[in-house]
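Read top to bottom, the protein sequences are chains V and G.
Letter 7 of the first sequence, counting from 1, is numbered 7 in my numbering, and no numbers are missing.
Letter 47 of the second sequence, counting from 1, is numbered 1047 in my numbering, and no numbers are missing.
No residue lacks a Cβ here, since even glycine has one placed at the ideal position from N, Cα and C.
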Amino acid sequence: MLDATVTEDALRVEDLTVRFVRRNTDVAAVNGCAFSLKPGETLTILGESGSGKSVTLKAMMGLLPDYSRISGKVMLNGDDILSMPRAAQAKLRGRAISMIFQEPMSALDPVYTIGHQISETIIQHEGVDKVTAWKRSLELLEQVRIPSAERRLKNFPHEMSGGMRQRAMIALALACRPNVLLADEPTTALDVTVQIQILLLLRQLQEELGMAIVFVTHDVGVAAEISDRIAVMYAGRFVETGTTREIMRDARHPYTQGLLSSTVHGGLRGKVLETIPGTPPNLASLPPGCAFAPRCRYAMDRCSEGDIPVVTRESGAMARCVKAAMLETT
Amino acid sequence: MLVFAIRRLLQAIPILLGVSLVVFGLVHIVPGNPIDMLMPPEASPEVIAQMKAAFGFDKPLYVQYFLWLFRAMQGDFGLSVFNATPVMGQLMVALSNTFILAILGASLGFALGITFGMTAAMFHGKWPDKLFSALATCGVSLPHYWCAIVLVLAFSVLNDFLPAQGMGDDSLPLYQRLEHLVLPVITLSLIPMGVIGRLVRATVLEILGQDFVGALGAKGLPRWPVIRHVCKNAAPPVLAIMGLQFGYLLGGSILVETVFNWPGSGNLLNLAIYRRDIPVLQATILVLASFFVMLNLMVDIAQAAIDPRIRR
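Below is the structure:
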């Protein structure tokens, strides 16, 4: 049975554009990004470093520096965050939408205890007293499966292991039961075994709390593990989107294909590893047309001539590519 | 935390012993005999020997050292060679005079420095940053005896607003004695202001660039709580330098105390050197050095209380 609250988008981003404008440079970091997420859904933004993944998340959190120009819409439960005054934005941050970071060691304040940092958030948003907030923090640590949580609350970040710290960071992000969780490469800095634990934890918590997750990573394996849908980002633009299965099994964009085939796994033993030649383009001077064209083995003249056709499949999957469009029509 | 404090306290003991040895040694390396300075040239050798024995200068150095240290630990620094009054009394007067200046100068300098540094960092690259950075640079680079002279010229000579010299008599009413403090305190606050201002600016900027500050914004904390986090992180390095700066001020600035004719420890030290007054010299340096060690010990403990990573 369809419930009205389930069908409503938890997060909808429309035409999000971020430019960093300084005296001599104008960097187009994100160029018209759009997606929507239902409660309980996970979207992974997959891309190389410098493709604009993190900037997209930070733009949604209002964490970008003053010289950035952000346009478009970020609709959180039906309200546009970007058009809100700063104070109203701050009220939503950490409450309706929160974020976990790549390196929990540097994202946690080193001179306050974990318990203090979690309680502080709860007190800020819910105005409860310290004792209540501390109790809630304890429950949160237990919820993220931190053993002997009581003791851990009084720990400082440097007294914990990397995995524990990331769990604490997740507890902090979940302190006020957000509708949307933004995860900025939360497993990149961790050991592989710990990575899996954190991914599983995120999935369990998502089931318990029903939040939508935007997960950013450059790791194809991690993306396959966590996501319902994947958006592949290149030079600040989604070049292909689709369900995890569509992207992993049936990628249409040459960049996505390149990313998948340059992933290292055991089956490749003894074979020459494939790479994508060249480097990502300079975002301060993007070429016209498809930004991937200079590195693309299928590139043709049309690729660098402005409007790149967008191919959509019945499922809603999308690829922004001349070659994919030609294959579609033939 | 308590263990850390006790351990640091115990570590201070060998440092203080080392200091005492250096103080004693340095003074005795200086050529010339203090008794020769005191006695008229025609004094007979017997009288000189008598004087030496009276002050204990006839014994071997190491015996002198232990005798001196033993007495010093009981607060007895002997008699001044120059005027045969107890060293302790002179020292206490000079130190308390300097202490007044130091504590006021440091408070003013630290308060201004922290305000300037924080403001400059918050408005990084904008005009308040440029203004306060320029002020801080002036503070550290202008010679403070020159500033003292300019202040005296402006407020005492050209306009008769404030007294230029001395501490004022005990018989003067309180506000008049306070007036004597104004110019020396301002002069002494300049260097701490500049040093602390620049340090606070640099430290705060470095912390503002760290990820956790963004993360604090991401959990929805408004401006002031975030600033509180930044301050607590910035405190340890700033405290360390504040301890050093206050230590320097306690030593008394010979130049500033000379310009303002202030009977403080810098003045006393200066006189003791000219007069070859070894007991006074030793006592002053030892007490100042001990203050310095204790001050840094306190800073260490305060730092550890603020930043758990320092407690090891």
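Closest to residue i by C-alpha separation, out of the options, would be which residue?
i, options, result
"D66(V)", "N1097(G), A1043(G), H1124(G)", "H1124(G)"
"Q89(V)", "M61(V), A107(V), T113(V), L108(V)", "M61(V)"
"G32(V)", "L174(V), A223(V), Y255(V), A235(V)", "A235(V)"
"R177(V)", "M318(V), G40(V), S36(V), K323(V)", "G40(V)"
"Y255(V)", "P277(V), I122(V), P157(V), D9(V)", "P277(V)"
"G94(V)", "K73(V), Q117(V), G78(V)", "Q117(V)"
"G1251(G)", "A1049(G), I1100(G), M1051(G)", "I1100(G)"
"L76(V)", "T217(V), D191(V), L182(V)", "L182(V)"
"C1138(G)", "G1194(G), S1044(G), E1042(G), D1307(G)", "G1194(G)"
"L92(V)", "A1283(G), P1222(G), L1178(G)", "P1222(G)"
"L1216(G)", "A29(V), F20(V), P104(V)", "P104(V)"
"I1254(G)", "L1061(G), Y1145(G), Q1282(G), G1056(G)", "Y1145(G)"
"G1025(G)", "V1157(G), V1213(G), V1063(G)", "V1063(G)"
Given that residue i touches chain V, what residues does it touch there, using C-beta distances under 8 Å?
i, result
"P1128(G)", "Near P1128(G) there are no residues of chain V at all, since even the closest Cβ is about 15 Å away, more than 8 Å."
"A1005(G)", "Within chain V, no residue comes near A1005(G); the closest Cβ sits about 18 Å away, beyond 8 Å."
Under 7 Å Cβ-Cβ, which residues of chain V neighbour residue i?
i, result
"F1212(G)", "S106, A107, L108, D109"
"I1306(G)", "V111"
"R1309(G)", "P110, H158"
At a threshold of 7 Å, does residue i count as lining the ligand PLP (C-beta to nearest heavy atom)?
i, result
"A1305(G)", "Among the ligands in the structure shown, none appear at all, so the ligand PLP cannot be discussed."
If I'm right that residue i touches residue j with Cβ under 8 Å, what's the distance once you round it to whole angstroms?
i, j, result
"S119(V)", "S137(V)", "5 Å"
"F1110(G)", "I1196(G)", "6 Å"
"I81(V)", "A231(V)", "Not quite, the Cβ-Cβ distance comes to about 19 Å (not below 8 Å), so this is no contact."
"A1289(G)", "V1280(G)", "So it is not a contact: roughly 15 Å between Cβ atoms."
"V111(V)", "A284(V)", "Not a contact, Cβ separation roughly 38 Å."
"A1136(G)", "F1116(G)", "6 Å"
"P280(V)", "S51(V)", "7 Å"
Taking all protein chains shown into account, decide if residue i is buried (16 or more other Cβ within 10 angstroms of its Cβ) or exposed.
i, result
"K1219(G)", "buried"
"R1198(G)", "buried"
"F1209(G)", "In the sequence as displayed, the identity of residue 1209(G) is Gly instead of Phe. G1209(G) should be labelled exposed."
"L199(V)", "buried"
"V18(V)", "buried"
"N282(V)", "exposed"
"V1030(G)", "exposed"
"A4(V)", "Caution is warranted here: a pLDDT of 46 is assigned to A4(V), below 50, making its placement in the model unreliable, and the coordinate value is therefore given only provisionally. Exposed."
"N1083(G)", "exposed"
"P1163(G)", "buried"
"L1010(G)", "exposed"
"R229(V)", "buried"
"M1(V)", "Bear in mind that the predicted position of M1(V) carries a pLDDT of just 40, short of 50, making it unreliable; the figure below should be weighed with that in mind. So M1(V) ends up on the exposed side."
"D1170(G)", "exposed"
"R1007(G)", "exposed"
"H1180(G)", "buried"
"M233(V)", "buried"
"M1001(G)", "exposed"
"W1127(G)", "exposed"
"R167(V)", "buried"
"D301(V)", "exposed"
"W1224(G)", "exposed"
"S227(V)", "buried"
Taking C-beta pairs closer than 8 Å, name the residues in chain G that residue i reaches, listed in chain order.
i, result
"M60(V)", "In chain order: nothing, as chain G lies at least about 10 Å away."
"E103(V)", "D1211"
"G94(V)", "A1218, K1219, G1220, L1221"
"T121(V)", "K1219, G1220, L1221"
"L172(V)", "K1219"
Residues of chain G with CB under 9 Å from residue i, in chain order?
i, result
"Q206(V)", "Ordered by position in chain G, no residue passes the 9 Å Cβ test against Q206(V), which lies about 19 Å from the chain."
"S98(V)", "A1218, K1219, G1220"
"Q124(V)", "K1219, G1220, L1221, P1222, P1225"
"F20(V)", "None at all; the shortest Cβ gap to chain G is about 16 Å."
"F215(V)", "None at all; the shortest Cβ gap to chain G is about 16 Å."
Taking residue i as the query, report the chain V residues whose CB atoms sit under 9 Å from its CB, ordered along the chain.
i, result
"A1302(G)", "The contacting residues do not exist; A1302(G) stays about 13 Å from chain V at best."
"A1240(G)", "Result: empty, since nearest Cβ-Cβ is about 15 Å, beyond 9 Å."
"N1233(G)", "D109, P110, V111"
"H1124(G)", "Chain V residues near H1124(G): none, gap ~10 Å exceeds 9 Å."
What does residue i touch in chain G if you count any residue whose Cβ is under 7 Å from its own?
i, result
"L63(V)", "G1214, G1217, A1218"
"M91(V)", "Met is not the amino acid found at residue 91(V); the sequence shown has Lys there. Simply G1220."
Practice task
Evaluate contact between the stretch 1188-1205 of chain G and the stretch 1111-1124 of chain G, counting only Cβ atoms and requiring at least three cross-stretch pairs below 8 Å.
Solution key: yes
Handout entry: At least three beta-carbon pairs within less than 8 Å, the stretch 11-24 of chain V to the stretch 55-64 of chain V
Key = yes
Handout entry: Inter-stretch contact (C-beta, 8 Å, three-pair minimum) for the stretch 87-106 of chain V and the stretch 185-194 of chain V
Key = As far as the Cβ criterion goes, the stretch 87-106 of chain V touches the stretch 185-194 of chain V, which means the pair count is three or higher.
Handout entry: contact_flag[the stretch 1094-1112 of chain G, the stretch 1180-1194 of chain G] where n(CB pairs < 8 Å) is 3 or more
Key = At 8 Å Cβ cutoff, the stretches touch.
Practice task
Decide yes or no for the touch test of the stretch 308-315 of chain V against the stretch 1257-1269 of chain G: beta carbon pairs closer than 8 Å, at least 3 of them.
Solution key: no
Practice task
Could you tell me whether the stretch 1217-1232 of chain G touches the stretch 1062-1078 of chain G, where touching means 3 or more Cβ pairs closer than 8 Å?
Solution key: no
Exercise for the section: Spell out a yes or no on whether the stretch 1285-1304 of chain G and the stretch 1241-1251 of chain G are touching, meaning 3 or more CB-CB pairs, one atom from each, closer than 8 Å. Expected result: Verdict: yes, contact present.
Practice task
Take every Cβ of the stretch 1009-1026 of chain G, pair it with every Cβ of the stretch 315-326 of chain V, and state whether three or more of those distances are shorter than 8 Å.
Solution key: no
Handout entry: the stretch 1044-1056 of chain G in contact with the stretch 1083-1097 of chain G per 3-pair CB rule at 8 Å
Key = no
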